[in-house]
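Residue numbers (my numbering), protein chains in the order written: chain A, 12 to 662; chain B, 63 to 441.
Note that the Cβ used here is the ideal one computed from N, Cα and C, for glycine as well.
Below: the structure, in C-alpha cells.
Below, the structure written as C-alpha cells:
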C-alpha cells in the first residue's frame with residue numbers, strides 16, 4: 012500500500028536530450044575556463060618564473076628579521092657592573108623602498124626620495140647628501156646599506172620623532188619619510204674601562220669573548236637570537252610573529268670592585284713613582300697582585316701593571332708610536348696586543364724565590380724528616396755537589412731554629428734541611444702543593460708548568476738545594492697563592508675561582524659554584540706551626556715592611572734572581588695573610604725587575620702590600636687586633652728605600 | 063509470500079546496483095591529497111605561533127575532524143534516496159535564508175568577520191548551507207516548471223525566487239553570493255531550452271563589469287591591486303606573494319614540503335592561497351594534474367546527470383557540478399591574478415570547516431543519484 016502512494020502519478024520527468032546538449036555546452040565552457048587557467052599558469056611561469064624565483068629567495072632575508080639576544084653581564088661580588096651590553100642602533104638605508112614609484116596624476120613619481128634624504132641630513136648632520144644619492148643611483152635595489160653604526164637611542168630619536176610625528180587628527184605629518192630603518196644591536200660596555208682588564212676580558216664582533224672571563228664563560232654569557240617575521244591574516248592585516256630572543260646568563264664574580272680598584276691604584280702609584288728611577292721606562296717590568304680568600308679559593312682581586320682599556324682593547328698608544336705601528340707586520344701587532352692582554356697572575360711563570368721556604372718546611376715537618384726542635388748552623392754558604400751556594404747573609408746567620416730560618420730567610424739552613432728531607436719527599440710535596448699542575452682556575456690560558464719543575468727522577472742534589480728556596484723551578488702566581496692558602500688554612504687546597512654564581516636574565520640562579528676542596532696538603536698542626544713562624548717573620552723578621560700597624564699578620568718575602576744570573580735582575584715578592592688567628596685574606600704581590608739600582612730587596616713588594624692592606628683591611632671589616640706600635644708609620648709607596656732617587660727632588 | 067518478497071528485493075537490487083566508484087575514488091584521492099598539501103602549507107606557521115600552541119599539526123587535526131564529520135554525512139546521504147529531499151527542498155531553502163538573515167544580526171565576529179553563527183558549541187557559516195539549499199530548491203522548482211521554461215519571464219520568476227538569499231549573503235560575503243548566483247544561472251541554463259536569454263544576460267554582465275571597472279574601478283583598491291599588484295602596496299601583497307610562489311615553482315616544483323613562500327610570506331597559505339603552494343612545491347606539472355583531476359570530477363558528474371533516473375536527480379548533480387567548477391575556477395583565477403582578489407577556497411584541498419562538511423554532503427547527494435541509475439539505461 013505505502014509503495015503505491017509513494018509512486019508518482021505521472022512518470023518522472025527525465026533529463027531531456029536538449030538538456031543533455033546544454034549540459035555538454037556548460038561542461039565545455041567550464042573545461043575551457045580551466046584550460047584557460049592552465050594557460051595562465053604556464054604564461055606566469057614562462058614570463059616571470061625566473062624573476063619571481065629570485066624575489067622569493069631575496070625576501071627570505073628581508074621579511075624575517077633577526078632579533079639579537081642580550082649578552083649577560085659580568086658583576087662583581089657586590090653587584091657592581093663590570094661588563095654589560097647596551098642596545099645600539101645601526102642606521103640602514105633601503106634603496107628599493109626609497110626608490111619606489113607611485114602614480115600621481117598618471118605619472119610615476121619617486122615621492123620618498125627627497126623627504127627622506129632631507130630628514131636624514133637633518134638628524135645625522137655628518138652624512139653626505141652626495142653619498143646618499145649615489146647609493147640610490149648605483150644600488151637602486153639594495154635593501155641594506157649601513158649608513159651609521161652603533162648609535163645610541165638618543166642619537167636616532169630625532170629621526171624617529173620626525174617619522175612618527177602626527178597632527179591632532181593622528182595623521183602622519185611626514186608620511187613620505189620611508190626607506191630608513193634601525194637595526195638593533197648590542198654593544199659591550201665596560202664601565203670601569205681598564206679595571207681588571209685581563210681578568211674580565213673583552214668581546215670581539217659577534218659576541219666572541221676573546222680573553223678572560225668573557226672568553227672562559229662565552230657560551231654561558233651568550234644567548235639565542237630571536238626572529239621576527241610578518242604575514243597577512245585572513246583580514247589582510249599585517250601581523251607579526253615574534254620568536255623572542257633568549258638573553259644570556261649573568262656572571263656574579265668573586266671580584267670586589269673596591270678592593271680591585273685599591274690594588275690597581277697602588278700598583279699604578281708604585282710604577283709611576285719608580286718610572287725612570289734607575290733606567291728608562293716603567294717602574295717595573297711587571298707588577299701583579301692577587302688577593303684571595305684562603306678559606307674558599309675566591310679571588311677578591313687580581314691585578315697587574317700595565318693594564319689596557321677594555322672599551323678599546325686594540326689601542327696600542329704608549330706602546331707603539333704611529334710610525335712603528337704602520338711599519339709593524341700584523342704578527343708584530345698581535346704580539347704587542349698579546350703582551351698587554353696577558354694575565355700575569357696566571358699565564359706567566361717565574362722562579363718564586365724564598366716564598367717557597369714555608370712549603371719546604373711543611374714538607375719536612377709533614378714527613379717527619381725535620382721537627383720543630385731542630386737547629387741548623389748557618390755559615391753563609393753551603394757546598395752542594397761541588398757548587399758553592401751562598402746564603403742571603405754571606406757572613407752567616409749563626410744558629411738557626413726553624414722559626415728563625417724563615418724570619419731570616421736563611422738559605423743555608425734550608426739547604427741543610429733538604430739533606431734530611433731528600434729528593435723523594437721534596438718532589439712528592441711539590442706535587443702535593445700542585446706545583447707543575449694547573450690550578451683549574453676559571454680563566455683561559457693558565458700556564459702549564461709541568462715541564463718547569465723537577466720530578467723525583469731528574470732532580471739532582473743541586474736542584475733540590477736550590478728548589479728548596481724557590482730557585483731553579485718555575486711556578487705561576489696563582490699556583491703559589493693557592494698552595495699558600497692551604498698552608499695557612501689548615502691544609503685545605505681550594506680550587507681558585509672567579510665566578511661564584513650564574514644567574515639568568517631574570518635574575519634566577521642557574522648555578523652556584525661552591526668552594527671546592529681539591530686535596531688536603533698538610534695537617535692542621537703543621538699549618539698552625541708555620542702560621543706562627545710566618546707571623547714572627549712579619550713581626551720581627553725580613554717581612555717587617557709589610558706590617559700594617561695594629562693588625563696581626565703573617566707572611567714571607569721572596570727575592571729571586573732571574574735568569575740569566577749574571578744580569579742581576581730580580582723578581583721580588585711578598586705573600587702574606589691577615590688576621591693571624593683566622594686568616595680572612597691572602598695577598599701575594601710580585602714585582603718583576605723593580606726600576607732601581609739594587610733590585611734584590613723584597614721591600615718593593617712589601618711596600619705595595621702594606622699600602623694596599625692599609626685600605627683593604629678596614630674596608631673588609633677586619634678590625635685591629637693588636638696594640639699599635641708605630642711600626643712603619645708615615646711610610647709611603649717607596650717605604651724607606653734608599654735607592655729611590657726622586658725623594659730629594661720632591662721635597 | 064516470503065519468496066516473493068526475496069525475489070522482489072533481488073530485482074530491486076539489480077535495478078540500482080550501479081554505483082559511481084570513479085567519482086568516489088576521485089573524492090577520496092582529492093581529500094587525501096588535500097590533507098598532504100594542507101599539512102605542508104600550514105605546519106610552519108602553526109608550529110611557530112602561540113595562537114596554535116606551537117602545534118605544527120593544528121590545521122591538519124582540525125581538517126581531519128571536519129573530514130570525518132563530512133564523510134559521515136556523505137555516507138548517510140549516499141544511502142538515503144535523494145528523492146526524499148524533494149519534500150524538504152522548500153524547507154531547506156527557507157531555512158538557509160533564515161539562517162543567513164540571522165547571521166547578519168546575531169552572527170559571531172570571533173573569527174574576524176560576521177560570517178559565523180554559533181549554536182551551542184557548534185559554529186558554522188550559514189552561507190555554506192545556502193549553497194546546498196539553493197541547489198535542492200532550484201532542482202525541485204525547475205523540475206516543476208521544466209515545460210514552461212521557454213519563456214524568459216518564467217526564467218526571471220525562478221531567478222527572483224532565489225534572489226533573496228543571494229542578496230542577503232552578498233551583504234556579508236560577496237564572493238559566496240557570486241557563487242550562489244553562478245550555481246543558479248548554470249542550473250537555469252541547463253534546464254531552459256533556449257540560448258538567447260543567456261547570451262543576452264552574458265553580454266549584459268560583461269558590459270556591466272567593464273563599465274564598472276572603467277568608471278569606478280580606480281576607487282577600489284581591490285581593482286587597483288588586480289591591475290598592478292606591484293604598485294598597490296599592502297593590498298597587492300597577498301596576490302603578489304601568491305604569484306611569486308607560482309612563478310618560482312618551475313616545471314616540477316621545489317619538491318613537497320620545500321616551499322619558501324609558506325614560511326610566512328603567503329598569507330592564508332593553508333586556505334585561499336593553497337593552490338600557490340601546490341604550484342611552488344609540485345610545479346606546473348602538479349598544478350595541471352590537480353586541474354585535470356577537477357575536470358575528471360565534473361566530467362563524472364556530467365555522466366551521472368545525463369543518466370539519472372529523473373530530472374530532479376539530474377538537476378541536483380548539475381547544481382553540485384556547477385558549484386565545484388565555479389569555485390575551482392574562481393580560486394585559481396584569483397591566485398593567478400586573472401580576476402580581482404576575492405576569498406574563494408579550493409574545494410577538497412583548502413582548509414575549511416562548514417564548507418568542507420557540506421561539500422562532502424553534496425557529494426553524498428551526487429553518489430545517491432548515481433545509485434539510482436539503472437544499469438540498462440546506461441547503454
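Stretch pair the segment 419-438 of chain B + the segment 361-379 of chain B: three plus CB contacts closer than 8 Å: These segments touch.
Contacting residues, own chain, Cβ-Cβ under 8 Å from residue 196(A) (five flanking each side not counted): Correct list, in chain order: 79, 98, 99, 100, 101, 161.
Partner residues on chain B for residue 227(A), Cβ-Cβ distance less than 7 Å: Ordered by position in chain B, no residue passes the 7 Å Cβ test against residue 227(A), which lies about 35 Å from the chain.
Per-residue contacts from residue 391(B) into chain A (C-beta, under 8 Å): Neighbours of residue 391(B) in chain A, taken as residues whose beta carbon is under 8 Å from its own, are 41, 44, 45, 48 in chain order.
Element boundaries [alpha helix (DSSP H), containing residue 342(A)]: Where residue 342(A) is concerned, the enclosing alpha helix (DSSP H) stretches over 341-352.
Chain-ordered neighbours of residue 107(A) on chain B, where CB pairs are closer than 7 Å: In chain order: nothing, as chain B lies at least about 12 Å away.
Where residue 159(A) sits in the DSSP three-state scheme: Strand at residue 159(A).
Cβ separation of residue 613(A) and residue 640(A), assumed to be a contact under 8 Å, to the nearest whole Å: Wrong, their Cβ atoms sit about 21 Å apart, outside the cutoff.
Spatial distance of residue 534(A) from residue 504(A) (CA atoms): Looking at the two C-alpha atoms, the distance is approximately 12 Å.
Chain B contact residues for residue 62(A), given Cβ-Cβ distances below 8 Å: In chain order: 309.
Distance, residue 386(A) Cα to residue 596(A) Cα: Spanning the two alpha carbons is a distance of roughly 32 Å.
Contact list for residue 255(B) against chain A, beta-carbon separation under 7 Å: Taking a Cβ-Cβ cut-off of 7 Å, the neighbours of residue 255(B) in chain A comprise 29, given in sequence order.
In DSSP terms, what residue 504(A) is bridged to: DSSP, once it has assigned bridges, lists 530(A) as partnering residue 504(A).
Where residue 145(A) falls: helix, strand or coil (DSSP): Helix at residue 145(A).
Enclosing alpha helix (DSSP H) for residue 164(A) [first to last residue]: Where residue 164(A) is concerned, the enclosing alpha helix (DSSP H) stretches over 164-175.
Whole runs of the beta strand (DSSP E) within the segment 604-632 of chain A, excluding any shorter than 3 residues: Counting only runs of 3 or more, we get nothing.
Residue 249(B) - DSSP class collapsed to helix/strand/coil: DSSP places residue 249(B) in helix when its eight states are reduced to three.
Own chain residues within Cβ distance below 8 Å of residue 271(B), not counting five before or after: Same-chain partners within the cutoff: there are none.
Rounded distance between the beta-carbons of residue 454(A) and residue 509(A), thought under 8 Å: The Cβ separation is near 7 Å, so the contact holds.
Span of the alpha helix (DSSP H), counted from its first residue to its last, around residue 369(B): The continuous alpha helix (DSSP H) containing residue 369(B) extends over residues 336-369.
Residue 537(A) and residue 567(A) closer than 9 Å at C-beta: Taking 9 Å as the Cβ cut-off, residue 537(A) and residue 567(A) do not qualify as a contacting pair.
Residue-level contact to chain A via CB, residue 136(B), 9 Å cutoff: Judged by the 9 Å Cβ criterion, residue 136(B) is not in contact with chain A.
Proximity test, Cβ basis, 9 Å: residue 357(B) and chain A: By this cut-off, residue 357(B) is an interface position.
Extent of the continuous alpha helix (DSSP H) to which residue 123(B) belongs: Note, residue 123(B): alpha helix (DSSP H), 120-141.
Length of the line joining the Cα atoms of residue 192(B) and residue 415(B): Cα to Cα, residue 192(B) sits roughly 15 Å from residue 415(B).
Assigned exposure category for residue 54(A) - 16 Cβ within 10 Å defines buried: Counting Cβ neighbours within 10 Å, residue 54(A) comes out exposed, since fewer than 16 surround it.
Option in 282(A), 167(A), 213(A), 200(A) with minimal Cα separation from residue 194(A): Nearest of 282(A), 167(A), 213(A), 200(A) to residue 194(A), Cα basis: 167(A).
Min CB distance residue 373(B) to chain A below 9 Å: Yes, residue 373(B) counts as interfacial toward chain A.
Integer Cβ distance of residue 130(A) from residue 188(A), believed to fall under 8 Å: Yes, residue 130(A) and residue 188(A) are in contact; Cβ-Cβ is about 5 Å, under 8 Å.
Residue-chain proximity (residue 238(B), chain A), Cβ-Cβ < 9 Å: It does not; no Cβ of chain A falls within 9 Å.
Residue 257(A) - partner residues in DSSP beta bridges: The partner list for residue 257(A) (beta bridge, DSSP) reads 235(A).
Per-residue DSSP class, three states only, for residue 246(A): Low confidence applies here, because residue 246(A) scores a pLDDT of 44, under 50, leaving its location unreliable and the question unanswered by this model.
Where the beta strand (DSSP E) containing residue 102(A) begins and where it ends: Its beta strand (DSSP E) spans residues 92-104.
Residue 409(A), buried or exposed, once every other Cβ within 10 Å from all chains shown has been counted against 16: Classification of residue 409(A): exposed, given that the 10 Å Cβ count is below 16.
Reduced DSSP secondary structure (H/G/I, E/B, other) of residue 83(B): Shown here, residue 83(B) sits in a helix according to DSSP, grouped into three states.
Cα-Cα separation, residue 321(B) to residue 110(A): Looking at the two C-alpha atoms, the distance is approximately 29 Å.
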